[in-house]
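In the working numbering, the protein residues as written are 28 to 955.
Note that CB positions come from ideal geometry on N, CA and C, so glycine has one too.
Just so you know, these numbers come straight off a predicted model, no measurement behind them.
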RNA sequence: GCUGAAGUGGUGGAACUGGUAGACACGCAGGACUUAAAAUCCUGUUCGCCCAAAAGCGAGUGCGGGUUCGAUUCCCGCCUUCAGUACCA
């Protein structure tokens, strides 16, 4: 029998499913290993060939780990709340739950075709009430917690109340809003319940706050910073504006330092770690207060990383949105200032970036007093100062900062030299070399000496202090959408209250339409009679997309637990994800939020690990490879029905059109399929080269509109799942982005057929011999045993595939059909090509299904020991010939033998070598 | 601008700690089998020069330098591509 991949693959996929081969227990004598894929959002388009790349890699790894004796948790599920389903619902009126269910079924079918070893009994869906019950539960814990900076962890809000009752606000060290009140214990006790609740909200980790948000009118919702790219929404590309709204937020900034520190403890790709560091954006410096001249009770606080340049300050700049601006603008300047603010508002974020180099600003007319010199310095506003960063105000030091320099030049403000080595004729000089001049207290000191001295003085006088600033902002947690988790909160007297824990889950109510209400409330406002205890308004916004994905790896540990999000035993057993594979597009969203929730869950004693994902790998993006045909244009530039082959197109006037890559093979167009593809092409004519129509090609994003989408189902239909799996791995290094090109898949398919033939005689009958293996056969086998071991441990899957080919080529040449060799080879190949290996494993007489849990063969280095080596002999580093010599020869013998060699003498041409370098077992280099 | 990754045949890529550059495939060319095709198998395939052929010679891992007996690998400078980020004080 020939290699019948279709029958074999269906057979084993059914076998695995009905025998629950990959179901895993939460108890085992074996060591545990947790391999996780970033779960997909089930979109309507289904999977294309790029999606499974990471899943295949993680599956190979999981199967390998099982063979190495690990108890492997390898689950899959769906991130099934999200915008596309809702947009579709708005257009069609179909409930998102229905389309989501349909998409999930489609995904599952496609995933099953590839032969993954997922434990499907643990499948989760974030939109399932039994799942989002626990997302809501975690929200409640966040609401009931505050961040105690003294203990450096989250603690119950009751602890805070207790402190307020005993010591008032003075005893508290917590991360909180800026506008918290100062009160004594006595005052606290006299607060009304209302006042207390309002004050506590300023401390909770999940809190309501009036904040400026990214409002997307087209989507009718708020977006997080990482969901906005270049001033438009990441999904859909709609304009985003700034708007003030009452919003749920997550106090992720409380964890900024721990999120930063944790990065040193994880094994993640450097670029990704770097992105998170930048996102957190820690900068160490000082805050300094500048009192306003003539207004002793008003001061401007600035943040600076170069407090040493304080004597070089010649102006202050506020963000146009800064709250002091209206107060300090003098009447004479008000026109200018208002005008400038108006202009800034009109500029979109895009414009502001576009003319980043032009200098603009307006003088407020007010002056601040330099805290050390007492000199008056003008206060300006300019849009290069951002309201959202630091204090929204900077001290202008033109000698040390290029933007300040340009600003000072433009508005003719003084530029003061403050270091003796500073060169400021052309531009600012930010170096810290030399000693300070014109700087009273620190004159003659170096940078290292000046900073501590200044900080000490500022602190002593109460005008400044050392400060660490983070770029990261608290995360907005509300979306004015339907298809998300309802927030388990109702409002009483305008203040939020949690529903009771036993009332979870708070189910998503039915609505008549998935649009905002006439009064502009979110879709949930349409739900009829949806009130807590029949009378209190529920929160009408839902949670953002990242809520459900910020803890899902714990649910897999114990997916059906109805009493806890996962049992303590399960969490203690599985602990954290050992290997996480997914795309780098989640670098600052999902991966940051997940780490945040994980740290919180640890603080409240629910989980063990500070970091949830020990090792992380980013699979590269699979890009599309588009094909083009070239339509001939007539003299008027109108398209004809004639198409010119790629090599001839420059001789004609043509226009390039995308053509479906599925009717192109190795860039050669299938003419019949092309004619059949569209009615207008039925009569198409072609100008061919060498009888063929050759298409042009280009690498682009894989998308329907570019006709370059390749569906894994089609590949599987033609070549089988094992071929698809191996080919995806063969394409190149996992982490590298690369275009999908079906050219070349034949090679992998041929390899599998060749592998199959090792076990079969010329007439296709299964035939293996029990004879003892020869030295050459064992060498081949043990080479691959070691190679695959090495490769998988360093995630170099592509090189394994090549090595398998080499091995099978060698065994074919040796005409090897020995069980002693082939049985082990089946085990080694099985993580990559599980179906064919299961079939051969059972043909070899092994019990069906035991392959997945058998032991990986032990590598024996003895089989690789050689007693001879063919030494490459190079002259001045250039390899010229090879000489076979015994490996027992020592360096001297080798040198002698090499120099005695006739060919070597010929190369030397009578000259005496200057030196002969011999590296035993490697190379000989003759220096002439 | 800054940060990170990467530049190797016609194509995907290999060379793991400085030691035979181009493994393994695709494609292409030629051949065997076949009435024919498919499938399969064999041979060749970095480029240039030389040759009937065997062989030989020269160049060669983005570009220019350096270290070294020896560099795709290490160092310095530059160029290009991709990704992230963007007035961060």
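Rounded to whole angstroms, what's the CA-CA distance from residue i to residue j? Just pull it up for me.
{"i": "residue 664", "j": "residue 679", "result": "11 angstroms"}
{"i": "residue 935", "j": "residue 896", "result": "23 angstroms"}
{"i": "residue 509", "j": "residue 565", "result": "14 angstroms"}
{"i": "residue 557", "j": "residue 730", "result": "41 angstroms"}
{"i": "residue 377", "j": "residue 430", "result": "Here the model assigns residue 377 a pLDDT of 49, short of 50, so the residue's position is not dependable and the matter cannot be decided."}
{"i": "residue 317", "j": "residue 463", "result": "22 angstroms"}
{"i": "residue 183", "j": "residue 637", "result": "19 angstroms"}
{"i": "residue 88", "j": "residue 171", "result": "40 angstroms"}
{"i": "residue 459", "j": "residue 426", "result": "12 angstroms"}
{"i": "residue 415", "j": "residue 133", "result": "44 angstroms"}
{"i": "residue 946", "j": "residue 917", "result": "10 angstroms"}
{"i": "residue 952", "j": "residue 903", "result": "7 angstroms"}
{"i": "residue 205", "j": "residue 152", "result": "38 angstroms"}
{"i": "residue 167", "j": "residue 515", "result": "7 angstroms"}
{"i": "residue 948", "j": "residue 693", "result": "43 angstroms"}
{"i": "residue 699", "j": "residue 748", "result": "28 angstroms"}
{"i": "residue 34", "j": "residue 755", "result": "22 angstroms"}
{"i": "residue 208", "j": "residue 351", "result": "20 angstroms"}
Thinking residue i and residue j are a contact (beta carbons under 8 angstroms), I'd like their distance in whole angstroms, please.
{"i": "residue 686", "j": "residue 655", "result": "6 angstroms"}
{"i": "residue 681", "j": "residue 659", "result": "6 angstroms"}
{"i": "residue 330", "j": "residue 239", "result": "In fact, because the Cβ distance is near 19 angstroms, the residues do not count as touching under 8 angstroms."}
{"i": "residue 738", "j": "residue 76", "result": "7 angstroms"}
{"i": "residue 725", "j": "residue 669", "result": "At roughly 22 angstroms, the Cβ-Cβ gap does not stay under 8 angstroms, so residue 725 and residue 669 are not in contact."}
{"i": "residue 57", "j": "residue 600", "result": "Not quite, the Cβ-Cβ distance comes to about 11 angstroms (not below 8 angstroms), so this is no contact."}
{"i": "residue 965", "j": "residue 648", "result": "Here the chain has residues from 28 to 955 only, and residue 965 is not among them."}
{"i": "residue 107", "j": "residue 157", "result": "That pair is no contact at about 13 angstroms."}
{"i": "residue 455", "j": "residue 413", "result": "Residue 455 to residue 413, Cβ: 19 angstroms. No contact."}
{"i": "residue 831", "j": "residue 811", "result": "7 angstroms"}
{"i": "residue 310", "j": "residue 175", "result": "That belief does not hold up - the Cβ atoms of residue 310 and residue 175 are roughly 24 angstroms apart, past 8 angstroms."}
{"i": "residue 621", "j": "residue 90", "result": "Incorrect: roughly 26 angstroms between the Cβ atoms, too far for contact."}
{"i": "residue 51", "j": "residue 98", "result": "6 angstroms"}
{"i": "residue 651", "j": "residue 683", "result": "Residue 651 to residue 683, Cβ: 15 angstroms. No contact."}
Between which two residues does the beta strand (DSSP E) harbouring residue i extend?
{"i": "residue 234", "result": "233-243"}
{"i": "residue 30", "result": "No beta strand (DSSP E) contains residue 30, which DSSP labels as neither H nor E."}
{"i": "residue 652", "result": "649-660"}
{"i": "residue 907", "result": "905-913"}
Note the first and the last residue of the continuous alpha helix (DSSP H) segment covering residue i.
{"i": "residue 186", "result": "184-194"}
{"i": "residue 869", "result": "861-870"}
{"i": "residue 620", "result": "617-630"}
{"i": "residue 395", "result": "No alpha helix (DSSP H) holds residue 395; the beta strand (DSSP E) holding it covers 389-396."}
{"i": "residue 215", "result": "212-217"}
{"i": "residue 554", "result": "Per DSSP, residue 554 belongs to no alpha helix (DSSP H) and is neither H nor E."}
{"i": "residue 829", "result": "824-840"}
Do the region 713-729 and the region 615-624 touch if we need at least three Cβ pairs shorter than 8 angstroms?
no
Unbroken beta strand (DSSP E) runs of length 3 or more, entirely within the region 403-453: which are they?
403-408 and 420-423
Answer yes if the region 153-166 comes into contact with the region 589-603, meaning at least three C-beta pairs across the two stretches below 8 angstroms, and no otherwise.
yes
Given 8 angstroms, three or more beta-carbon pairs between the region 187-198 and the region 138-158
no
Counting beta carbon pairs with one atom in the region 32-40 and one in the region 127-147, are three or more of them shorter than 8 angstroms?
yes
Can you confirm whether the region 537-551 touches the region 570-588 when touching is taken to mean that 3 or more C-beta pairs between the two stretches lie within less than 8 angstroms?
no
Which ranges would you report for the beta strand (DSSP E) in the region 320-368 if only whole runs of at least 3 residues count?
322-331 and 342-345
Which runs of the alpha helix (DSSP H), 4 residues or longer, sit entirely within the region 730-773?
739-746 and 748-757
For the region 513-522 against the region 212-232, are there 3 or more C-beta pairs whose distance is under 8 angstroms?
yes
Specify whether the region 276-290 and the region 493-507 touch according to this definition: at least 3 beta carbon pairs, one from each stretch, less than 8 angstroms apart.
yes
Is it the case that the region 845-862 contacts the region 908-926, given that we only count it when at least three CB pairs across the two stretches are under 8 angstroms?
no
Kindly provide the ranges of any alpha helix (DSSP H) runs that are 4 or more residues long and lie completely inside the region 53-96, ordered along the chain.
79-94
Length-filtered (3 minimum) beta strand (DSSP E) runs lying within the region 668-727
681-686, 712-714 and 723-727
Can you give, in chain order, each stretch of the beta strand (DSSP E) that sits fully within the region 143-190 and has at least 3 residues?
172-175 and 180-183
Runs of beta strand (DSSP E) wholly within the region 471-547 (minimum 3 residues, chain order)
491-497, 516-519 and 522-525
With three or more beta-carbon pairs closer than 8 angstroms as the criterion, would you say the region 670-677 touches the region 712-721?
yes
At a cut of 8 angstroms, does the region 465-473 reach the region 320-339 through at least three beta carbon pairs?
yes
Inter-stretch contact (C-beta, 8 angstroms, three-pair minimum) for the region 351-365 and the region 438-456:
no
Ignoring anything shorter than 4 residues, give me the alpha helix (DSSP H) runs that lie fully in the region 576-610, in order along the chain.
579-582 and 595-601
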